[in-house]
Amino acid sequence: MRILYDVLRRRGLSYGRKEGKPFIAEPVRVNGEVAFTGVYLSTVSKPVPHPNLCWREVEAGSLLSFTYHFADTGLVRLFVEAFAEDPVVEEPACKLSLASISVVQRELPEPTPGGKLELFRVRFLTPTSFMFYGRDVLYPSPVRFMLSALKSYSTAAGVDTKRVVDGLVKAVEAIGAPRFKRFLVDIGEGRLVPTFTGEVTLALHASVDMPLLLAALKAAELLGVGISRTLGLGRVHVEKLEEKRERGGESFAEK
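Counting in our numbering, the sequence shown runs from -1 upward without gaps.
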């Protein structure tokens, strides 16, 4: 994320720590593989470096890929122009030279009708953290997940989702037991944030708000969920499932 900030500063743009930002970052990839670092175990007061994910040494000449999602086309133009004028970025840890740059326009999903019951598996690909009145929510809470997805979708698409939020507790629930692990993540300057990764199967019940719920759920793959999305936290993958009833219980299959 520091690279993005440094390039935008060439155009006189800067953002405060708590200021809303019109972009989201994905974790850096090294030679095509995600390289998420800064991960610790134990507690904030006594953090223990993760044996594999705390830091990573990258060989000189390796290809690093950075993916950013911008909410403003004008900001995209400024970013590309600044990089084109000076394709070198010098950081404390290394010197980076631009190899290539590409821009793709992505469209947000439109609200579409759903069935009586829609099932989805949500995988939290990078450390994620939700908040509840200043308290950490460190598991795949179906309500916190959908609240975050709806908020992001409302902001990005300019859609009023207040009515959906008010009826959310009756519309979504986790099926089965969520699976997750907890970590601490250094988000810069030694600030450790409690997070989790894992997966949960969600059931969306039919309602008048189903179209917006489905749109927000699908958009979560692009917009992310939870806090510190500008740093690569809260990246998710959403899979549509179909319900298959069997004797003695239920099972689910991917569509």
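C-beta: ideal position from N, C-alpha, C; glycine also.
Which residues DSSP lists as bridging residue i, in chain order
i    : result
V87  : L94
R121 : E197, H235
L115 : H203
I22  : H67
Per-residue burial, residue i [other beta carbons within 10 Å of its own, 16 or more giving buried]
i    : result
D84  : exposed
I99  : exposed
L61  : exposed
T71  : exposed
A82  : exposed
V46  : exposed
V101 : exposed
L96  : exposed
G36  : buried
V42  : exposed
A175 : exposed
A58  : exposed
R75  : exposed
Any non-hydrogen atom of the ligand NAP within 7 Å of residue i CB
i   : result
P49 : This structure lacks the ligand NAP; in fact it carries no ligand of any kind.
Beta-carbon separation (whole angstroms), residue i vs residue j, contact threshold 8 Å
i    : j    : result
L145 : L166 : 7 Å
G228 : I1   : Looking at the sequence shown, residue 228 is not Gly but Thr. About 13 Å separates the two Cβ atoms, so there is no contact after all.
G196 : F178 : 3 Å
V191 : S226 : 7 Å
L211 : A169 : 6 Å
T153 : R233 : Not a contact, Cβ separation roughly 18 Å.
H48  : F181 : 7 Å
A201 : L73  : About 38 Å; that fails the 8 Å criterion.
L215 : A147 : 6 Å
R54  : A33  : 5 Å
L220 : H67  : 6 Å
Rounded C-alpha distance that separates residue i from residue j
i    : j    : result
V86  : L94  : 6 Å
H203 : A91  : 49 Å
V56  : G113 : 48 Å
A69  : P20  : 5 Å
L39  : R119 : 26 Å
P109 : D207 : 9 Å
E237 : V26  : 23 Å
L6   : E241 : 47 Å
L231 : P107 : 22 Å
P111 : Y131 : 33 Å
F143 : T65  : 23 Å
V223 : T126 : 8 Å
S139 : S205 : 20 Å
K44  : R9   : 40 Å
D134 : F128 : 6 Å
G18  : C52  : 27 Å
A217 : G188 : 31 Å
R121 : Y13  : 30 Å
S63  : N29  : 8 Å
K16  : L136 : 21 Å
H235 : A213 : 14 Å
T199 : V141 : 12 Å
E259 : E105 : In the structure as shown, the chain begins at -1 and stops at 253. Residue 259 is therefore absent and cannot be evaluated.
Runs of alpha helix (DSSP H) lying entirely within the region 127 to 191, each at least 4 residues, in chain order: 140 to 155, 160 to 164
Beta strand (DSSP E) segments (min. 3 residues) lying fully within the region 24 to 92: You should have 37 to 40, 45 to 47, 66 to 68, 86 to 88.
Alpha helix (DSSP H) runs contained entirely in the region 188 to 231, provided each spans 4 or more residues: 208 to 221
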